[in-house]
Amino acid sequence: MKLTILGSGTAIVTARRGSSGSLIKIDDKTLLLDGGSGTMRKIAEASSSFKEIDYAIYTHFHPDHVTDLISLLFALRIPSNHKSKDLTVIGPTGMKKFHRELAKVFDDYIDPRGYELTIKELSGGYLDFGNFKLTSSLINHHEGSLAYRVETKDGKTIVYSGDTDYCENIVDLARDVDVLLLECSYPKHIKVDGHLNSTLAGKVARESNCKKLILTHFYPICDDYDILGECREEFSGEIVIAEDLMTIDV
Ligand SMILES: [Zn+2]
Ligand SMILES: [Zn+2]
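In this note's numbering, the protein residues as written are 7 to 256.
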């Protein structure tokens, strides 16, 4: 399994950090995890193609996580870009309504053409796609927000938190995981409801006993602080500061 960070930032995009998004490759399957503004460009920069995406998986409906779904669906309609693979869009409760409303706003210009589009809603529980299992868990951010655990047939695991505050569900979902891709919105002296800061992210990592912690979703202020050092106060395992276009083999 290969993880590529597309965007390690938030709604406040900087030259260094784009909005949230990651790609996971498992065998011949490609998963997109979130896709805020700029994600389509980052997929190209990562030498991948949006046409390869089999599963577009969203944690919640905040714009920095979901807006490039519009760009993805529009690009897939353009005849020269016709997709040979079908696309499954997965998200929290409300995903179908979200897509329906978008389709209305864009006057059907994001409707599938030349491929099958399936939309699935989750509110916990898991789906088995053969190449991998996807477990979802409600976390403490916005109503219905999900974190996901991806597990391959040979037992390799990644958990992606999306946006979350400290909660038992994220610790439980990430129990003994190989890679925990965890939001870290702020340095330790700032605490905003619905988000983690560096030390709380370390606490989640320690309590979950993850093997490797990758911190992401940094507001620009994070780049002025020693986020890794602050997180280390709580977690003694391997910590990686995500950067756009970084790849990790799992
Ligand atoms: Zn966010
Ligand atoms: Zn959010």
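In this text, a Cβ means the ideal position worked out from N, Cα and C, and glycines have one as well.
- For Lys209, the uninterrupted alpha helix (DSSP H) run begins and ends at Ser204 to Ser214, by DSSP.
- Look at His195: its beta carbon is at least 7 Å from all of the heavy atoms in ligand 2.
- At least 8 Å separates the beta-carbon of Ile227 from that of Ala248.
- Proximity to Ser77 across Ser214, Leu144, Phe112 and Ile32 peaks at Phe112, based on C-alpha coordinates.
- Scanning the stretch 40-71 from its first residue to its last, the whole alpha helix (DSSP H) runs of 4-plus residues come out as 45-51.
- Taking 8 Å as the cut-off, the Cβ atoms of Val165 and Leu187 count as close.
- Assigned with DSSP and collapsed to three states, Arg155 falls in strand.
- Rounded to whole angstroms, the gap between the alpha carbons of Asp74 and Ser43 is 5 Å.
- Val165 is bridged by DSSP to Arg155 and Leu186.
- Val256: not part of any alpha helix (DSSP H); DSSP gives it neither H nor E.
- One alpha carbon belongs to Thr36, the other to Val185, and they sit about 18 Å apart.
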